[in-house]
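Here is the structure we will look at, set down as structure tokens.
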Amino acid sequence: MKKIASVIILVLLIPSLAFYCLADENPLTIQTGAQFVADSQISSFGTYELQSVSPLYNINSDLEALCFNYSPSGYVIVNVNDFSIPEFSPSSTTPFPYSDSANSSYVYNGPLNYFSYDNIKYTNLTSGNC
């Protein structure tokens, strides 16, 4: 009976150890782990193709999450600190379209709190207010 309990505990701990190992400071490793989580979530709703990845920062300018944008529609936001999914939709368009602008970034302050920051001001992406 003790052997069975040991095996069950080991089986439950292995996945959490894998994600702990992924959660280092290497951006490529973080994106790979987050994309695995995002793809696993969205694939349960059908066939989707990854279109782009938008980095999302907090108000301290630290990387907070990644928004994976899918085609034909849908997005998954994955927190890079713990690989949790604070928000996703298999049918809505992304609130964070891909941008390669070096002069602006996206700020994610939790569900439905979307902002862009252009080094001068924050703009609410939902209302357009500064």
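Residue numbering for the sequence shown is 44 to 173, as defined by our numbering.
C-beta atoms are modelled at their ideal positions from N, C-alpha and C, and glycine is treated no differently.
Glycine 117 versus serine 127 - alpha carbon distance: If you number the sequence shown from 1, residue 117 lands on position 74. If you number the sequence shown from 1, residue 127 lands on position 84. Here the C-alpha atom of glycine 117 lies approximately 17 Å from the C-alpha atom of serine 127.
Own chain residues within Cβ distance below 6 Å of cysteine 64, not counting five before or after: As a first step, residue 64 must be located in the sequence shown, where it is residue number 21. With a pLDDT of 41 at cysteine 64, under the threshold of 50, the predicted position of this residue should be treated as unreliable, though the coordinate-derived value follows. Result list for cysteine 64: empty, nothing under 6 Å.
Tyrosine 160 beta carbon less than 8 Å from that of serine 148: Residue numbering aside, residue 148 sits at position 105 when the sequence shown is read from its first letter. Residue numbering aside, residue 160 sits at position 117 when the sequence shown is read from its first letter. Contact: yes.
6 Å CB neighbourhood of serine 135 in its chain, flanking five on each side removed: Here residue 135 is taken as the residue at index 92 of the sequence shown, counted from 1. Within the same chain, serine 135 has no close Cβ partners at all.
One or two residues paired with valine 121 in a DSSP bridge: Residue mapping note: residue 121 aligns to position 78 of the sequence shown, counting from 1. Among the bridge pairs identified by DSSP, valine 121 is matched with Leu109.
Threonine 75 burial status per 10 Å Cβ neighbour count (16 or more: buried): Here residue 75 refers to the residue found at position 32 of the sequence shown. A residue is called buried when at least 16 other Cβ atoms come within 10 angstroms of its Cβ; threonine 75 does not meet this threshold and is exposed.
Expected contact under 8 Å - CB spacing of aspartate 151 and leucine 93 to nearest Å: Walking along the sequence shown from the start, residue 151 turns up at place 108. Walking along the sequence shown from the start, residue 93 turns up at place 50. The question names aspartate, but residue 151 in the sequence shown is tyrosine. Their Cβ separation, rounded to whole angstroms, is 19 Å, which puts tyrosine 151 and leucine 93 out of contact at 8 Å.
Which listed residue (Ser114, Glu107, Phe139) has its alpha carbon closest to that of valine 121: Counting from 1 along the sequence shown, the entry for residue 121 is found at position 78. When each option's Cα is compared against that of valine 121, the closest is Glu107.
Cβ distance (whole Å) where leucine 113 is taken to contact proline 138 below 8 Å: What you label residue 113 is simply residue 70 of the sequence shown in a count that begins at 1. What you label residue 138 is simply residue 95 of the sequence shown in a count that begins at 1. Looking at the sequence provided, one finds tyrosine at residue 113 rather than leucine. Not quite, the Cβ-Cβ distance comes to about 13 Å (not below 8 Å), so this is no contact.
Bridge partner(s) assigned by DSSP for tyrosine 157: As a first step, residue 157 is located in the sequence shown; it is residue number 114 there, counting from the start. Paired residues: Tyr151.
Valine 123 vs isoleucine 73 beta-carbon contact at 8 Å: For the purposes of this step, residue 123 is taken as residue 80 along the sequence shown, with counting starting at 1. For the purposes of this step, residue 73 is taken as residue 30 along the sequence shown, with counting starting at 1. Cβ distance < 8 Å, so valine 123 and isoleucine 73 count as in contact.
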